[in-house]
């Protein structure tokens, strides 16, 4: 892969952190490979909405400073961000501002569900659930079918995600502190180790604009306790795995084409259709330790629940990360067959 | 009761609204009776902490404007506020600022649990659970015993309160929208009626600094659906009633004196002790419609769960509201036997 076709930037912006990757432009050759990555801060929500624009600006500043030569030859920038639809007033304005950072570049802003999908299924139609601080599933062919499930944030959903696991863990710890539960002493001890005396937790949490991230920061402790057999922690991790499986299954829109496993990309010619083949699905994420945690409780429950789905599902290991998906999207922007936008998932500028 | 002893002000500040009451000073004659009331805004939480000081200032401005003559003769101001301990950096500074508003006046800042207790049990030792947007129980004799349970806010606890009921209702509605639940169509329809399309809920909720209040605003709808027999809503209201009962029972510290029912005040000579008598307990609140809702599901579950407590509890109807309790506290400040402060519940200035 040469840089004759210039360079592309992919950004992945989530509740636990953000990353920007630089990769060679040109044809979308499958895995993003050979990309260089810089990390940035996590997204917050204030009264004016999500801080996505600020985090993007900061990451682009870092990219320009880190890779000054390549920056001058960047032809496409693609951003996948949590809350891009629900917490941004005008995504079109944001994507125009992104493009304006590099004269002549095209830009895309997508929900994190889209970049997770492009990373995990490498362009094939199907369903992908992205689990990190939040949890969102998207069943799509990036054409006519777009079924979104969850991704509603830590107060309305994000069922089974890091923030959900952390909240369940802290709620259980508080029940123990209050004397209304007796099975969560290990969770209480872990929470005190992480946050100090329970009386101080409200002030640490409610004054923050990244509460989901604070909650999610406790998920790894819950998983670690599940790994050593703590019953209350195992119960939470098992429930989380089941919730995420339900979210994934609900995203498998019956209109999605059933294609035989293997290659094929949504913008390439369709692979061999096979009416009897199960639709492909995958899991993405890992910003939070828990879903890929050491306990196995989450994964076991997830796999078992997906295995019970009717009709059956072909669960594939993820081909790449959401950051790979952002790079893939950036390359598609300058390809011969760029994607069309979607009013709830994908916003584009034209060259 | 004359105004020879001057006037007192009581303030009740919660997640759904606030009130200030003016009453005659002098001896604490039981029920606050004859007080005049002005309403104010609800409390919010920003990055610098709770907005209690701003809400108090605003209420005192209103009082000075509404009752200019009495204002000049105010001798005591008592404030009961949600989050006074957990979300205020220095409660002493806040109480000094309150006293400074009226030269010569004494002031008290208390958690809402204290004013709820003083209102509901009229000064008797025992346990009171205050249920509104949040939920907190306090078992106290206002002397040596102070057992607090819950009151941790909508992400860590407030189990069974308005914000908890509203969150459960909206989560269920989102499950229905996502196709992972099929029993919550009435909740989904009610939520759409209240907040519009589900895709807009995150922006309406996460950009607010009074999220608990927004969640709590849906509790009345859940209760109304329970009243017409909607199974999902009945389940939520029943669970809420049980949670609040557990919170109350956990607050009944065994060191609390068991006194025969009837009169007696914690600062008066103790009433006849009776080792065999059950400790008195009560419920306060009602800022949210739900706990006193029309469905009966909450109350039935609460009463049944309290009835199962061992040792048994004497459940009394509340003698007064938290606002009555604030007035009672203000009168106590200027009495011959004023209360002592407590580092987590009650902060005082001296005359």
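Chains as they are written, first to last, in full-length UniProt numbering: chain A, 1 to 351; chain B, 1 to 351.
Virtual Cβ for every residue (Gly too), placed ideally from N, Cα, C.
Cα-Cα separation between residue 309 of chain A and residue 236 of chain B, rounded to whole angstroms
28 Å
Secondary structure at residue 252 of chain A, three-state DSSP: helix, strand or coil?
coil
Does the CB of residue 199 of chain A have a neighbour CB from chain B at under 9 Å?
Chain B contact via Cβ: present.
How many angstroms separate the CA atom of residue 230 of chain A from the CA atom of residue 222 of chain A?
9 Å
Delimiting residues of the beta strand (DSSP E) encompassing residue 314 of chain B
314-316
Give the residues of chain A in contact with residue 250 of chain B, contact being defined as C-beta atoms less than 7 Å apart.
178, 179 and 180
Below 8 Å, can you find three or more Cβ-Cβ pairs linking the stretch 209-218 of chain A to the stretch 155-172 of chain A?
Result yes; three or more Cβ-Cβ pairs closer than 8 Å.
Contacting residues, own chain, Cβ-Cβ under 6 Å from residue 341 of chain B (five flanking each side not counted):
347 and 348, listed in sequence order.
Let me know if residue 334 of chain B comes out buried or exposed under the rule of 16 or more other beta-carbons within 10 Å of its beta-carbon.
Under this definition residue 334 of chain B is a buried residue.
Look at the alpha carbon of residue 225 of chain B and the alpha carbon of residue 301 of chain B, and state the distance between them as a whole number of angstroms.
16 Å
Residues bridged to residue 148 of chain B [DSSP beta-bridge criterion]:
B:138
For residue 338 of chain B, which three-state DSSP category applies?
coil
With a threshold of 9 Å between beta carbons, is residue 43 of chain A in contact with chain B?
no
Kindly indicate which residue of A:197, A:210, A:9 and A:158 has the alpha-carbon position closest to the one of residue 174 of chain B.
It is A:158.
Could you say which of B:43, B:240 and B:321 lies nearest to residue 14 of chain B if we only look at CA atoms?
B:43
Output the distance between the C-alpha atoms of residue 178 of chain A and residue 35 of chain B, rounded to the nearest integer angstrom.
36 Å
So, does the stretch 134-141 of chain A touch the stretch 95-104 of chain A, judging by three or more C-beta pairs under 8 Å?
Judged by Cβ distances under 8 Å, the stretch 134-141 of chain A makes no contact with the stretch 95-104 of chain A, as fewer than three pairs qualify.
Cβ-Cβ separation, residue 282 of chain A to residue 315 of chain A (assumed contact under 8 Å), whole Å:
Between residue 282 of chain A and residue 315 of chain A the Cβ distance is about 7 Å, and since that is below 8 Å, they are a contact.
Beta-carbon separation of residue 331 of chain A and residue 25 of chain A under 9 Å?
yes
DSSP has residue 13 of chain B in a bridge; who is on the other side?
B:18 and B:81
Considering only C-alpha positions, which residue in the set B:124, B:5 and B:68 is nearest to residue 280 of chain B?
B:124
For the stretch 149-164 of chain A, enumerate the residues whose C-beta is nearer than 7 Å to any C-beta of chain B, in chain order.
149, 150, 152, 153, 155, 156 and 157
For my contact list, residue 6 of chain B and residue 74 of chain B are in at a C-beta cut-off of 8 Å; report their separation, rounded to the angstrom.
7 Å
Do the stretch 75-94 of chain A and the stretch 51-60 of chain A make contact, defined as three or more Cβ pairs closer than 8 Å?
yes
Going by DSSP, which residues form a beta bridge with residue 111 of chain B?
B:81
Quick check: is the beta carbon of residue 85 of chain B nearer than 9 Å to any beta carbon in chain A?
yes
Would you say residue 93 of chain B faces chain A, with C-beta separation under 9 Å as the test?
no
Would you say residue 170 of chain B reaches chain A, if we count a Cβ-Cβ gap shorter than 9 Å as a contact?
For residue 170 of chain B, the nearest CB of chain A lies under 9 Å from its own CB, placing it at the interface with that chain.
For the stretch 153-201 of chain A, list the beta strand (DSSP E) runs that are entirely contained and at least 3 residues long, ordered along the chain.
If only complete runs of 3 or more residues are kept, the stretch 153-201 of chain A shows no beta strand (DSSP E) anywhere.
Could you pull the start and end residues of the alpha helix (DSSP H) that residue 48 of chain B belongs to?
Looking at the DSSP string, residue 48 of chain B is not in any alpha helix (DSSP H), and its letter there is neither H nor E.
In whole angstroms, what is the alpha-carbon distance linking residue 311 of chain B and residue 246 of chain A?
Just so you know, the alpha carbons of residue 311 of chain B and residue 246 of chain A end up roughly 43 Å apart.
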